[in-house]
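Protein chains in written order, with our numbering: chain A, 259 to 440; chain B, 3 to 493; chain C, 216 to 365; chain D, 6 to 117.
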C-alpha cells in the first residue's frame, strides 16, 4: 500500500481518538485516549521517514502521560461532572470551525502537493551537511550546528518550564500566608 | 559585534542566579540589576551608534538562508532600549516590592528569562526562532503572573496560559504553511518570495497570524485574558506585561510580519484600523466602569494598543511615526501608573478605589508621579502622550479618515475620564488617610520618579535633530518594506 | 501502589535494580551516538529521566531522596544549561562567532566526529533528563504532602 | 492535499475542545491535540516521494532524502509543548487545590 493510504488511516484514527478523548466522561480513559493519539503521531512519523522524531515523540508521549496521570488520576480520581453543555456555544463554535475548514480547502490546494516539497533551503543541508558539520545524522547537524541557536532557546524553554513549575508549586510559608486577597 | 550579548547577558544571569543564589535573594538582586544595567547601557550605546544603519549577525557563521540571522535595525534598536529601560526600573522597583511578598531568587531568574525572550524576539531575523523566544517569554510570564500564590493569580495565569498556548499553536501553523510555500524560514528571504505567491494564501495565513499575535497583543476580540492577568500579577510584572510584553510579542511581531514580510497588504491595513478603533472605544468604556485600580489600567492598555494599531493601519509615514512614538511613550507612562498602583496596594493592602482616600500627604511621591502619568496617558500637553496621540489624529485627518479621527478623540476623552476617576477616588478622595501599613522605600520611589521624568523628556524625541536620528530610521524600516529584505540579504 | 512512601513489593524492587542500569546504559548510548543514529540528546535524556523515575516509583520517595540529592540534580540542570551557553561564548572566543562549531570535524561515521555536536548532545541529554525528572518529582511531591496533611 | 486537510481537521478538533469543554484536564488535552496536529503538518510538508530518512548509512549509496529542516523544527516544538504542558498541569493542580473543582465555569473569581 502506498504511504498516503496508511497515513489516511492513521490520521482518521487519530481524529476519531481525539474526539473520543474529548467527549468521554471518564478522565482516565480520556488521558489514555490522548496517549493513543500521540502514539499514532509517532507511527506516522515512522511512515514519513522521521525515525528521530518517532523516538522522541514516543518517549515524550510516555512522559506527558506519566505527568497527567500522576497529577490528576491518583488521588482525586474524578469523573467529569455532567456539565450542562451549552448547546448554543457548541453550535456557534462548530459553525465557525466548519467555515474555517471550508476556507482552508482552497488554501491547501495552493501549497506544493504531498510528496513534492519545494526543497530549496534544505537542498544545502542534504548535499553539504555531512561535509560541513561532520555529522551523518542531518537532523542532528541542523539542530546542533546550523540552527544551534534555536536549540539554545529550546534548552532555555525547558529551563523556564521547570523553574516555573517549581515556582508555582513551591510550598509557601511565613507571612505571605496572611497576605490579604483582594 | 554586540548583537548576541543581548541574549547571553540576561540568559547567563538567569542561569547563574539559579546556581549561586542559595536561599537568599541578595545575589539574585545583585546579578539581575547588573545585567539589567549593562543591557541598558549597551542598548543606549547601540541606539546612538546605530546611525540609521542595519547590522546583520550570522549565528555560527552560516550563510543566510541556511543558518539563523540576527538583525539590528532602527526599529529593533528602539525596542531594545524600551525593554531594557522598563526592565531595569522594574528590577529596582522589585527589590522592595517582592521582598514584601517573599525573598526568593526564583523571581529574579524568571524575570531575566522574560527579558531574554523579549530580546530574542526583537533581534531575530528568523521566523521559527521568533517562535522559540516567544515561548520563553510566555512561559516565564505565566509563572510570574502566578507568583503571588493567591487563588485569583492561579486562575488568571491558567487563563493566560491556555490562551498563550492556543496563540502559539496558531502562529506555528502559520509558520508551517509559510515554510511549505516558500521553503525558507529567514524572514528576509520569505519577503523576497511572497510577491510570487497567490494572494489568497497570504490573506489566509495572515488571518492565522492575526489571531495568534492578536491574542498576544490583546486586540479587542482576543482580549479576554489581559485584564485578569495584568491585574493579578505583581506590580512590576504588570508593568512589564502591559508596558513591553504585549508590544514585543504582539505589535512588534505583527509589524515584522505584515509590513516587512507580507509587504503591508491593503486588506490587513483596513482590518488593523477597524480592530484598533473597536479596541479604543470598547475598552475605553470598560475601563471607566472599573473600581479595581489595576483592572482600570489593564483595560486602558487595550485601548492604547488600539491607538498603535490604528496608527499602523493608516500606513502613511506620519501615521506610523505616531504609532511608533505612542508605543514608546505608552510603555513609559503605563509602567509608571502600574508602579503607582502597586505602591498604593502595598501601602493600603487593597486595590479597590472605593476604599481609598486622599493619599497626597501619606504617599507624596506616588501621588505626584501618578498625576504625571495620568496626564501623559490622557494626552495633556507638555507630556509625551499628547504628542503621540496628536500625531496619530493629524495623520488620520490627512489620510482622509475623519471618522477614525473622531473615534480617536472620543477614546482620548474616555481615557481622561478613567484617569480622572483614578485620581479622584484613588489619590485625592475625601477621607484623609494617614496610616499606611508599609512605607514606600527609595527603590520604588526612584523608579517612579525616573519614569515620571522620562514622560516629560521623551517628548523631546520629536525635536528636529533627535527625531531624524532615532525615530525616522524606525519609520523608514516599517514604511519601506523592501528595504528590510534588501539590507538583510545584502543586495 | 498502596503506599507511595514505601515503594512497591520486593519483586519490583529487585527487577528494577537490574533493569535501571540497562535503561541508563541505553540512554547513554543514544546520547553519545546522537550524530550517527536516530535519537540524540532529547531522546536519550528522556530515557535517563525514565530510569530515575523507575527508581522513584519502585522504591518510594524517601529512599530515592536518600540516593539522589535533589538539590544537586537542580544544580546539574543549571550547570548543563550554563555550559551550553558557554560553548556558544567559546565559539566567539575561538571561532569569532556565537555557537560556531570550532572543534575539528573528524571523519564521518566515527564516534569522535562532528566537532561540537557530541558535546552539545551530552549537555542536552543531561539537561533534559534532570528537567523532566524534576518536573515529575515536584508534581508528585505536592500530592503526597497534601495527602499527609489531610 | 487530503492529508493536509485531515491534519488541519485534527487541529480544529483541538480548537473545538478548547472552545466548548469546561473541564481543566480536557482543556490541557485539547492543547495537546493541537500540538500533535501542528507537528504532523510540518512533517507532512517535509515528505518527499520515495525518499529515505535524512541519515547517511555507512557503506551504502543513498537515494534522495526527505526534507530534514522541518524534522529539526518539530523536535524543538515537541520539547516546547512538553514544557507548556508541565506548566499548565502545575497551574491546574493549584487551581484544584484552591477551588476544589475541575469545572472551569465554577472557577470564576475574576471576570472578564
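Positions of the beta carbon are idealized from the N, C-alpha and C atoms, including for glycine.
{"Query": "Separation of residue 344 of chain B from residue 320 of chain B, as counted between CA atoms", "Result": "35 Å"}
{"Query": "Rounded straight-line distance, which links the Cα of residue 274 of chain C to that of residue 216 of chain C", "Result": "Note on residue 216 of chain C: pLDDT 45, under 50, position unreliable in the model; the coordinate value appears next. In a straight line, the C-alpha of residue 216 of chain C is about 11 Å away from that of residue 274 of chain C."}
{"Query": "Residues near residue 224 of chain B in its chain [Cβ-Cβ closer than 6 Å; skip 5 each side]", "Result": "216, 217"}
{"Query": "Neighbour list for residue 294 of chain C in chain B, Cβ cutoff strictly below 8 Å", "Result": "21"}
{"Query": "For residue 497 of chain B, the first and last residue of its enclosing beta strand (DSSP E)", "Result": "Residue numbering for chain B in the displayed model covers 3 to 493; residue 497 of chain B lies beyond these limits and cannot be assessed."}
{"Query": "Other residues of its chain near residue 108 of chain D: CB distance less than 7 Å, five sequence neighbours each side excluded", "Result": "27, 28"}
{"Query": "Sequence-distant residues of its chain with Cβ nearer than 7 Å to residue 433 of chain A (five each side left out)", "Result": "Note that residue 433 of chain A has pLDDT 38, beneath the 50 cutoff, so the model's placement of it is unreliable and no number is given."}
{"Query": "Residue-chain proximity (residue 156 of chain B, chain D), Cβ-Cβ < 8 Å", "Result": "yes"}
{"Query": "Bridge-paired residues (DSSP) for residue 195 of chain B", "Result": "Paired residues: none, contrary to the question."}
{"Query": "Interface residues of chain A facing residue 112 of chain D [CB-CB closer than 8 Å]", "Result": "The premise fails here: residue 112 of chain D is roughly 13 Å from chain A at the closest Cβ pair, so nothing lies under 8 Å."}
{"Query": "Inter-stretch contact (C-beta, 8 Å, three-pair minimum) for the stretch 308-327 of chain C and the stretch 252-267 of chain C", "Result": "no"}
{"Query": "Pair within 8 Å by beta-carbon distance, residue 146 of chain B and residue 112 of chain B", "Result": "yes"}
{"Query": "Buried versus exposed call for residue 389 of chain B [16 or more other C-beta atoms within 10 Å across all chains shown]", "Result": "buried"}
{"Query": "Interface flag, residue 257 of chain C vs chain D, CB-CB below 8 Å", "Result": "yes"}
{"Query": "Whole-angstrom distance between residue 156 of chain B and residue 427 of chain A, CA atom to CA atom", "Result": "11 Å"}
{"Query": "Which listed residue (B:13, B:130, B:126, B:278) has its alpha carbon closest to that of residue 414 of chain A", "Result": "B:13"}
{"Query": "Residue range of the beta strand (DSSP E) that includes residue 58 of chain B", "Result": "57-60"}
{"Query": "Complete runs of the beta strand (DSSP E) confined to the stretch 302-349 of chain C [at least 3 residues]", "Result": "none"}
{"Query": "DSSP bridge partner residues for residue 70 of chain D (one or two, in chain order)", "Result": "D:57"}
{"Query": "For residue 400 of chain A and residue 307 of chain A, the rounded distance between their alpha carbons", "Result": "16 Å"}
{"Query": "Beta carbon proximity, residue 334 of chain C to chain B, threshold 8 Å", "Result": "no"}
{"Query": "Neighbour flag for residue 117 of chain D against chain B, beta carbons, 8 Å", "Result": "Reliability of the predicted coordinates at residue 117 of chain D is poor, the pLDDT of 49 falling under 50, and the value obtained from them is presented with this limitation in mind. Judged by the 8 Å Cβ criterion, residue 117 of chain D is in contact with chain B."}
{"Query": "Members of the stretch 160-193 of chain B that neighbour chain D once the beta carbon cut-off is set at 7 Å", "Result": "160, 163, 164, 167, 168, 171, 174, 175, 178, 181, 182"}
{"Query": "Alpha carbon of residue 486 of chain B to alpha carbon of residue 261 of chain B, nearest angstrom", "Result": "10 Å"}
{"Query": "Reference residue 22 of chain B, options C:280, C:229, C:341, C:289, closest by Cα", "Result": "C:289"}
{"Query": "For residue 28 of chain D, the residue or residues it bridges with in DSSP", "Result": "D:108"}
{"Query": "Minimum Cβ-Cβ distance from residue 99 of chain D to chain B less than 8 Å", "Result": "yes"}
{"Query": "Chain-ordered neighbours of residue 337 of chain C on chain D, where CB pairs are closer than 8 Å", "Result": "Here the premise fails: no neighbours, minimum Cβ distance about 17 Å."}
{"Query": "Limits of the unbroken alpha helix (DSSP H) element including residue 230 of chain C", "Result": "225-247"}
{"Query": "For residue 429 of chain B, the nearest candidate out of B:476, B:380, B:412, B:361 (CA to CA)", "Result": "B:361"}
{"Query": "Cutoff 8 Å: residue 435 of chain A Cβ touching any chain C Cβ", "Result": "Reliability of the predicted coordinates at residue 435 of chain A is poor, the pLDDT of 42 falling under 50, and the value obtained from them is presented with this limitation in mind. Not one chain C Cβ lies under 8 Å of residue 435 of chain A."}
{"Query": "Terminal residues of the alpha helix (DSSP H) in which residue 158 of chain B lies", "Result": "153-184"}
{"Query": "Residue 382 of chain A and residue 263 of chain B closer than 8 Å at C-beta", "Result": "no"}
{"Query": "is_contact[residue 91 of chain D, chain C] using C-beta, thresh 8 Å", "Result": "yes"}
{"Query": "Classification of residue 1 of chain B by the beta-carbon crowding that lies within 10 angstroms, buried from 16 upward", "Result": "There is simply no residue 1 of chain B to check, as chain B begins at 3 and stops at 493 in what is shown."}
{"Query": "Reduced DSSP category for residue 188 of chain B - H, G, I as helix; E, B as strand; rest coil", "Result": "strand"}
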